[in-house]
Amino acid sequence: MSQFLQVLLSGLATGSIYALVAIGFTLVWQAAQTVNFAQGEFVMLPAFFVLAAMTIFGVSFWPALLIGLVAALIVLGLLFKKLIVEPILPHGGITLIIATMVLGILLKESVKEFYSAEAQPFPSMFPNDPIDVFGAVLSLRDMLNLGLSLGIVVLLTLFLNRTRTGRCMQATAQNPAVAEILGVNVKRMILYTFLINAALAALASYLISPVYLAKFSNGETLGLIAFIAAIVGGFNQIRGALVGGLLIGVLDNLTAAYVTAQYRAALPLVLLIVIILVRPQGIMGTSEGRTV
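My numbering puts the first residue of the sequence shown at 262, with every later residue one more than the last.
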């Protein structure tokens with residue numbers, strides 16, 4: 262029982278980070294009706310912002326985290342929207358999707374070329390001391406990561422549902438034209454969405470890099486798993502992205518512990534196929550109709 266609890270909670274901790282990245286896919290979809298295939302690289306990059314700040318400016322870890330967050334908001338939020346999304350979106354969603362693929366490759370190769378091709382150790386925000394929970398030995402860092410990730414998702418949900426700005430953002434996501442007629446500043450709401458996505462990417466980067474190290478190729482696997490999590494949970498629902506991320510994290514750990522670690526890489530793809538066949542809109546998703 263203690264081993265099962267250990268595997269379960271560890272899977273939830275990993276899955277909560279997947280959920281943060283998956284929510285980013287959902288937010289960009291709602292704002293621009295496109296898929297950001299550079300999302301994995303968006304999570305990879307903030308860790309290198311932090312390491313660069315510590316190396317270049319000589320600041321300590323916590324101020325470097327703040328610098329990395331600001332850099333992520335500017336580069337992955339503001340500049341991504343202004344230089345990539347706005348100019349390319351009028352040419353069609355497929356064109357923008359291709360542009361995000363190219364951007365992902367560019368970010369990955371830039372880090373490899375200008376920083377390092379080797380994995381870099383990344384400090385943890387939390388101590389990695391072992392703790393005992395009902396006989397299961399768990400990592401304090403994993404439990405704090407889980408608590409922080411879930412707390413951020415709860416705060417984001419409350420912000421979107423309980424504040425005027427959040428409701429305006431949701432109205433913009435559902436129908437920008439009608440929202441603008443009702444007096445909503447649509448461009449500002451879309452900008453807020455991209456900034457939130459950048460902040461979530463930075464947080465996910467800070468949480469996962471101490472575990473997997475900071476490496477230029479981290480975005481490939483993480484982006485794929487988070488993309489699948491968003492589809493499994495429901496691509497048009499933030500709560501769906503959360504459910505998808507947690508589910509993949511738990512199933513991944515259970516498979517490794519009780520079946521074999523050889524099948525871990527295939528598990529998200531198998532789950533994706535099953536969901537597409539059984540419930541194409543995702544576990545928590547809703548069907549969308551569009552006028553053509």
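C-beta: ideal position from N, C-alpha, C; glycine also. Model, not experiment: these values are computed from the prediction.
Item to check | I489 versus I509, Q498, I335, S470, residue with shortest Cα-Cα distance | outcome: Taking the sequence shown and counting its residues from 1, one reaches residue 489 at position 228. Closest by alpha carbon: I509.
Checklist entry - Going by the CB atoms, is the gap between A487 and A333 shorter than 9 Å? => result Within the sequence shown, numbered from 1, the residue matching residue 333 stands at position 72. Within the sequence shown, numbered from 1, the residue matching residue 487 stands at position 226. Contact flag unset, no.
Item to check | Residues near V553 by beta carbon distance below 6 Å, same chain, minus five either side | outcome: On the sequence shown, position 292 is the one that residue 553 refers to. Residue placement at V553 is poorly supported in this model, since its pLDDT is 41, which falls under 50; the coordinates still yield a value, given next. Hits under 6 Å: none found.
Next on the checklist: Could you give the first and the last residue of the continuous beta strand (DSSP E) run that contains S400?
Outcome noted: As a first step, residue 400 is located in the sequence shown; it is residue number 139 there, counting from the start. The continuous beta strand (DSSP E) containing S400 extends over residues 397-400.
Item to check | A380, DSSP secondary structure in three states | outcome: Counted from its first residue, the sequence shown places residue 380 at position 119. Residue state, collapsed to three classes: coil.
Next on the checklist: In this structure, how does DSSP classify A299 when only helix, strand and coil are distinguished?
Outcome noted: Reading the sequence shown from its first residue, position 38 is the one you call residue 299. Coil, per DSSP.
Item to check | Beta-ladder partner(s) of D393, from DSSP | outcome: Your numbering for residue 393 matches position 132 in the sequence shown. Answer is V398.
Checklist entry - Does DSSP classify A475 as helix, strand or coil? => result Reading the sequence shown from its first residue, position 214 is the one you call residue 475. Of the three classes helix, strand and coil, the one that applies to A475 here is strand, per DSSP.
Next on the checklist: Please report the distance separating the alpha-carbon of A526 from that of A518.
Outcome noted: What you label residue 526 is simply residue 265 of the sequence shown in a count that begins at 1. What you label residue 518 is simply residue 257 of the sequence shown in a count that begins at 1. Rounded to the nearest angstrom, the two C-alpha atoms are 14 Å apart.
Checklist entry - Does DSSP classify P541 as helix, strand or coil? => result The residue labelled residue 541 in the question sits at position 280 within the sequence shown. Reduced to three states, the DSSP call for P541 is coil.
Next on the checklist: Check for me: the alpha helix (DSSP H) holding I355 runs from which residue to which?
Outcome noted: Here residue 355 refers to the residue found at position 94 of the sequence shown. For I355, the enclosing alpha helix (DSSP H) covers residues 354-375.
Item to check | Touch test, the region 361-373 against the region 463-479, Cβ-Cβ under 8 Å, three pairs minimum | outcome: They touch, by the three-pair rule.
Next on the checklist: By alpha-carbon positions, which one of L409, Q381, P541 ends up nearest to F387?
Outcome noted: Position 126 of the sequence shown, counting from 1, holds the residue named residue 387. Nearest C-alpha to F387: L409.
Item to check | Other residues of its chain near Y524: CB distance less than 6 Å, five sequence neighbours each side excluded | outcome: Within the sequence shown, numbered from 1, the residue matching residue 524 stands at position 263. Closer than 6 Å at the Cβ level, and outside the excluded window around Y524, lie T516.
Checklist entry - For the putative contact between A283 and G494, defined by C-beta atoms under 8 Å, what is the C-beta separation to the nearest angstrom? => result Sequence index remark: in the sequence shown, residue 283 carries index 22 (1-based). Sequence index remark: in the sequence shown, residue 494 carries index 233 (1-based). Indeed, because the Cβ distance is near 7 Å, the residues count as touching under 8 Å.
Checklist entry - Which word fits R402, buried or exposed, when buried means at least 16 other C-beta atoms lie within 10 angstroms of its C-beta? => result Taking the first residue of the sequence shown as 1, we reach residue 402 at position 141. Classification for R402: buried.
Item to check | CB-CB length for Q291 against A434, believed under 8 Å | outcome: For the purposes of this step, residue 291 is taken as the residue at position 30 of the sequence shown. For the purposes of this step, residue 434 is taken as the residue at position 173 of the sequence shown. That belief holds up - the Cβ atoms of Q291 and A434 are roughly 4 Å apart, short of 8 Å.
Item to check | Of the listed residues M315, I345, V311, nearest to V289 (C-alpha basis) | outcome: As a position in the sequence shown, residue 289 is number 28, starting the count at 1. The shortest Cα separation from V289 among M315, I345, V311 belongs to I345.
Item to check | V282 (DSSP reduced to helix, strand or coil) | outcome: On the sequence shown, residue 282 is found 21 positions in, with the first residue counted as 1. The answer is helix: DSSP assigns V282 an H, G or I state.
Checklist entry - Measuring CA to CA, which of L468, I335, L357, P437 is closest to L411? => result By 1-based counting over the sequence shown, the position of residue 411 is 150. Among L468, I335, L357, P437, the Cα nearest to that of L411 is on L468.
Item to check | Cβ-based neighbour list, M545, same chain, cut-off 7 Å, excluding 5 preceding and 5 following | outcome: Sequence index remark: in the sequence shown, residue 545 carries index 284 (1-based). So the list reads G494, G495, Q498, R500, G501, V504, once near-sequence residues are dropped.
Checklist entry - Is it true that the CB of L312 sits closer than 9 Å to the CB of A299? => result Within the sequence shown, numbered from 1, the residue matching residue 299 stands at position 38. Within the sequence shown, numbered from 1, the residue matching residue 312 stands at position 51. Result no, Cβ atoms of A299 and L312 do not sit closer than 9 Å.
Item to check | Option in T482, Q294, V539, P391 with minimal Cα separation from P351 | outcome: On the sequence shown, residue 351 is found 90 positions in, with the first residue counted as 1. It is Q294.
Item to check | Under 9 Å between C-beta atoms of D215 and G276 | outcome: Residue 215 is absent from the structure shown; the chain starts at 262 and stops at 553.
Item to check | Residue interval of the alpha helix (DSSP H) (run including M386) | outcome: Walking along the sequence shown from the start, residue 386 turns up at place 125. Run containing M386: none; DSSP gives neither H nor E here.
Item to check | Candidates M305, P471, V539, of which the one nearest T482 by Cα | outcome: For this step, residue 482 is matched to residue 221 along the sequence shown. Closest option to T482, Cα to Cα, is M305.
Item to check | Test item: CB-CB of L337 and F303 under 9 Å | outcome: Position 76 of the sequence shown holds residue 337. Position 42 of the sequence shown holds residue 303. Yes, the Cβ-Cβ distance between L337 and F303 is below 9 Å.
Checklist entry - What's the call for R551, buried or exposed, on a 16-neighbour Cβ count within 10 Å? => result Within the sequence shown, residue 551 is the residue found at index 290, counting from 1. Confidence is the limiting factor: at R551 the pLDDT is only 48, short of 50, which leaves the residue's position unreliable and the question unanswerable from this model.
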